[in-house]
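So the protein lines, in turn, are chains P and V. FYI, the working numbering numbers position 144 of the first sequence as 144, with every residue one higher than the one before it. Just add 687 to the spot in the second sequence (first one is 1) and you have the working numbering. By construction, the Cβ of each residue, glycine as well, lies at the ideal position given by its N, Cα and C atoms. Computed from a prediction, not measured in an experiment: that's the story for all the values here.
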Amino acid sequence: MKVCLISAPTANQLHDPAMSEMDAARIMGELAPVGILSLAAVLEAQGLQPEVVDLNRVYYEWLQSSKRPRNHAEPDFCRFAGAFFADRQFDLFGLSTVCSSYPLTIRIATELKRLYPKSVVVLGGPQASVVDVATMQAYPSIDLVVRGEAEQSLPALLRALANSSSLDSLPGITFRRGGEALRTPDAPLILDLDSLPFPAFHLFPDIRFCRHFPLELGRGCPFSCTFCSTNDFFRRRFRLKSPARMIADMRRVRESYGINSFELVHDMFTVDRKRVVAFCEFLLACQEKFYWGSSARTDCVDDELIALMAGAGCRGIFFGIETGSSRLQKIIDKGLDLEVSAARIRACNHHKIKTAVSLIAGFPEETMADLRDTAAFFMDSLRCDHADPQLSILAPLADTPVQKQHKDKLVLDDCLSDMSYRGWMQEPEDHKMIAEYPEIFSSFYSVPMPWLKREFLKELRDFLLNGLRLFRWLMVGLHEDSGNIINVFHQWQNWRAETELTFPDAGRAVYYAHGPFARDFIEFVQSHYIPAVSKAPIAMNALAEYESALLSNQGQAGAQDRNSSADADANSFISPDSRLQLYPGIRVLHLDADYQEILRRLRNSQQLNDLDKKRVTIVITPTEVLQLSPLSAELLHLCEGQNTVREIAEEFFLRGVEVPGVPPDMACLAGIELLRQQRLVTLAPRG
Amino acid sequence: MPQGTFVAEREWARSLARHVANQLPEAIRQLPDLNLTPVQVQELRRIFENTLITNMGCEQPPT
C-alpha cells in the first residue's frame, strides 16, 4: 500500500517578504512534525515506504510561486496542494490536524478526495481525534479518522484496508457505514515509548536546517486544567522515554546532523522528580555537551532540581502559568501557588535558563481584578532578563471542560483568539466552515465574558507584547511607578482618545506591531504620564529618554560600517599626535539618572521615587548599549573634539586622576585603549 | 607626557585594556615590566569599567 503522511500547516511566519530561504527552512525544520515522523518510522519498520509531505513546505512553495508571473501562479493554495500530489498514485492520504489550521486541512483533504477519489483520506492528530464524528458527518470527503496515538492503530488500519477486512474490531478508528460515523473503542496507549523506532527524520529534508532539534521525550499529563486539550490526545498517563534511549537519540542526531541543541517535546516533563533527576544525572555522567529545553510546572520543580537541570544542559523551560489570579487558578483547576511560581522563574533566571511564561486572559469568570493580577505577573516576569512572558486570549478548544461548559454560548466575531489562530490566514471558505460548524471549529470562537470586553483584551495584549518587544524596561518602570501596568494602559487609551489618535486602516494589530505605536507611546509618557502622574519623574524621564534615543537611532549607521572602520583601525598604534574621534555609527546620550541603577532596582522590585539625579553617559552602538564609567565618559568627551592623544592625556593629568602606583598618563592610555577596543573611539583620518 | 612613553607603553596599554575588559586575564603575567599589582589593575578596571546594558538583535548561542 502506498501511503502519504501529510503534516498540518503550523508555520505562520512564512508570509514575511523579507524572510530568506534559509530562515524559512530553519523555521520549517524546527516545526518538524514529530508525530508524523514517528508514524512513518513505524510503517518503515513494517516494510512500507511511506512518503512524508510537509504542508508548511508546500505552502512556502506556493507563496514563492505567487511571486512569479501571474500566468504561472495558482491563486488557490488548496488547488496548488492538490496538484502537488499528481501522478504519484497514493492509496492512502493521512493528514495530521491541529485546531489552528483545521479548516484548511479539511479543504485540502477534500481537494485530494476530488482529485484522487479512489484514495482513502484519513485524518489523525489532536483536532480530528476529538471532533471525529462531527467532522465525518459534515465532510463526506473524509473517509476515516484515526484517534489518539496511532503507532499501533494506523498499521492495523492499513492491514485491514489491504485485506478489505472489517474495521469494527480495530480500536481507535472512526469510520463510516451506511452514511453514519461509527467509533470503535479507544486504542490502548503505548506504554513503552522506548519501543518506538527513531523518527523518520530522513523523510523530512528541512530538519537539517534547524537549530533546536525536536525530539519526543514522552507523553501524557496527569493534570486536568479546564482549558487544555492535551488529555484528550495523550491522556493522563504520564510516560517518559528512558534516559539511555533519549541520550542515544540525541547522539544520533548530533552524528547525523551536527546539532546538539534540542527541543525535548513533552506536555509536562517534570511530573516525576526522580525521573527528571535520573535523566539529568545520566546526561552529566555522559560528559557530553547537549543543550535542551522542555516544559514544566512551577510546582513540579524546585531550586535544587533547576540547578541540576541547568548543569545538565537545560537552557529553556516552558512554564504554563495561565493566570496571575489565585482565584482563577482554582477555577481552572490549575492550582498553582503564584508566589512559588514567581520564585521558580527567578531561580531559572539565576541559572540563565530562558523561561517562556505562558499566560492566558479571557476566562469566562475573569474580572478586571483577575486581569490586573495576570498583567502584574506578566510584568513582574519581565524583571527577569531570561524570562519571556506570553499572553494569549482563551480559545475554547474542542472537547475541553471550558468548551463543553459554554458550547451553547460561544461567540463568533472578529476577536478570534490567537491561541487557535496562530497567524494563519483565514480564507472566506474557512470563515464559512467555522460559522457553519461551531462544534468542529470551537477554537475560533470566544467564550462569553460578562466582566471584560474582548476588544479591550485584544488591545491590552497587543500593548503588552509589543511594549515588551520595543521597550522592556520602560514598561517595567511604568508598572513599578503606577502600581499596575493596566493603570497606564487606561491612561494611554484616554490620551489617545483626547489627542484623536486613531488606528490606521490596517487595524489595531498592525498599528502596535509595525506602526507608530512606539513613537506615540513615548510621546504619551513624556508629555502626559510623567508630568501628570509619575511618582518617580527622574527615573521615568531617564527611561523614556533612553528609549526615545534608541528609537531615533534605528536606521542610522549600521554594523557593516562599524566593522569596516574597525578593520582599518585594528592594527594601528596610537602616537602622541594621533587624533581620536568617536567611532562611526555611535550615539552618545546624557541622562539625568543612573540608568544602570534604575535597572538594578527594577530587577529587584525596588521603588524608583527616591532615586537622586546623577549625570550619566550612555553610548548606543549598532550592536550594543553601554553606560560609561565617569572617567570613560570624560575620555570619550575629550575624543569628541578630535583632540590629539597628547592633548587628551594632558587634560586627563590636570584632572588629578589617581590610581595608586600608576601614573595618570599610563592610566589615560589604558582608558583610551579600552575605548578603542570597545569600538567607541577610533583614530581620526590624517590631515 | 614624556614622548618615549608611547614606544614602550602602546603594547602594554592595549594588553592592559584587554585585561580591564576581561579579554586577556594573563596580560599582567605576560608584561612583567609593568609592575602593576593586582590591586592597581583592579582599580584601573573599576575606574574605566563600562557596563553593558543591552545587546541589540544578537541571539546568544548556548554556552
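- The distance from the Cβ of L683(P) to that of L580(P) is about 6 angstroms, consistent with a contact at the 8 angstroms cut-off.
- Within the segment 423-465 of chain P, the alpha helix (DSSP H) runs of at least 4 residues that lie entirely inside it are, in chain order, 428-436.
- Straight-line measurement puts the Cα of E624(P) at about 12 angstroms from the Cα of N553(P).
- Per the C-alpha coordinates, the member of L371(P), K432(P), Q526(P) and L602(P) positioned closest to H479(P) is L602(P).
- Just measuring C-alpha positions, the residue of S534(P), C668(P) and P504(P) sitting nearest L608(P) is S534(P).
- Ranked by Cα distance from A536(P), the options D577(P), D592(P) and V588(P) are led by D592(P).
- Taking each of N487(P), D520(P), I485(P) and I486(P) in turn and checking the Cα distance to T502(P), the smallest one comes out for D520(P).
- Residue nearest to C348(P) within the set I360(P), K334(P), A296(P) and L336(P) is A296(P) (criterion: CA-CA distance).
- By the Cβ-count criterion, E673(P) is buried, with 16 or more other Cβ atoms from all chains shown falling within 10 Å of its own Cβ.
- W451(P) sits exposed, since fewer than 16 C-beta atoms from the chains shown fall within 10 Å of its C-beta.
- When Cβ-Cβ separations below 9 angstroms define contact, L144(P) makes no contact with chain V.
- In the DSSP secondary-structure assignment, H212(P) is not bridged to any residue.
- The continuous stretches of beta strand (DSSP E) do not include E288(P), and DSSP gives it neither H nor E.
- Put simply, the CB of G661(P) is near chain V, with a gap under 9 angstroms to one of its CB atoms.
- For a Cβ distance threshold of 8 angstroms, residue set L739, I740, T741 and M743 of chain V lies close to V625(P), ordered along the chain.
- Residues S358 of the same chain have their beta carbon placed closer than 6 angstroms to that of G320(P), with the five preceding and five following residues left out of the count.
- Comparing alpha-carbon positions, the option among M136(P), S141(P) and I485(P) lying closest to R147(P) turns out to be M136(P).
- Among the residues facing chain V, Y583(P) is not included, as its CB has no counterpart in that chain under 9 angstroms away.
- Taking a beta-carbon distance threshold of 9 angstroms, A307(P) does not count as an interface residue toward chain V.
- For a cut-off of 8 angstroms, the C-beta gap from D272(P) to F238(P) is around 7 angstroms, short enough to register as a contact.
- Here H212(P) is near F262(P), since their CB atoms are less than 9 angstroms apart.
- By the Cβ test, the segment 104-114 of chain P is not in contact with the segment 144-164 of chain P, since fewer than three Cβ pairs between them sit closer than 8 angstroms.
- By the neighbour-count criterion, in which a residue is buried when 16 or more other Cβ atoms sit within 10 angstroms of its Cβ, M22(P) is exposed.
- The alpha-carbon separation between G35(P) and S7(P) amounts to approximately 9 angstroms.
- The DSSP-derived three-state label of L391(P) is strand.
- Among the CB atoms of chain V, none fall inside 9 angstroms of the CB of G47(P).
- Annotation: the continuous beta strand (DSSP E) that includes C4(P) extends over V3 to I6.
- DSSP, read as helix, strand or coil, puts C228(P) in coil.
- When the five nearest sequence neighbours on each side are left out, the beta carbons in the same chain lying within less than 6 angstroms of the beta carbon of D206(P) are those of A25, M28 and G29, in order along the chain.
- Between the segment 660-677 of chain P and the segment 628-645 of chain P, the count of C-beta pairs closer than 8 angstroms reaches three or more; the two stretches touch.
- With fewer than 16 other Cβ atoms from the protein chains shown falling within 10 Å of its own Cβ, E304(P) counts as exposed.
- With respect to R315(P), K289(P) sits apart: the two C-beta atoms are not nearer than 9 angstroms.
- Restricting attention to H514(P), M433(P) and K407(P), the CA atom closest to the CA of R469(P) is found in H514(P).
- With its beta carbon less than 9 angstroms from one in chain V, V619(P) belongs to the interface.
- The closest CA to that of T617(P), considering only Y595(P), R275(P), V276(P) and L599(P), is found on Y595(P).
- For the 9 angstroms CB-CB criterion, E439(P) and A398(P) form a contact.
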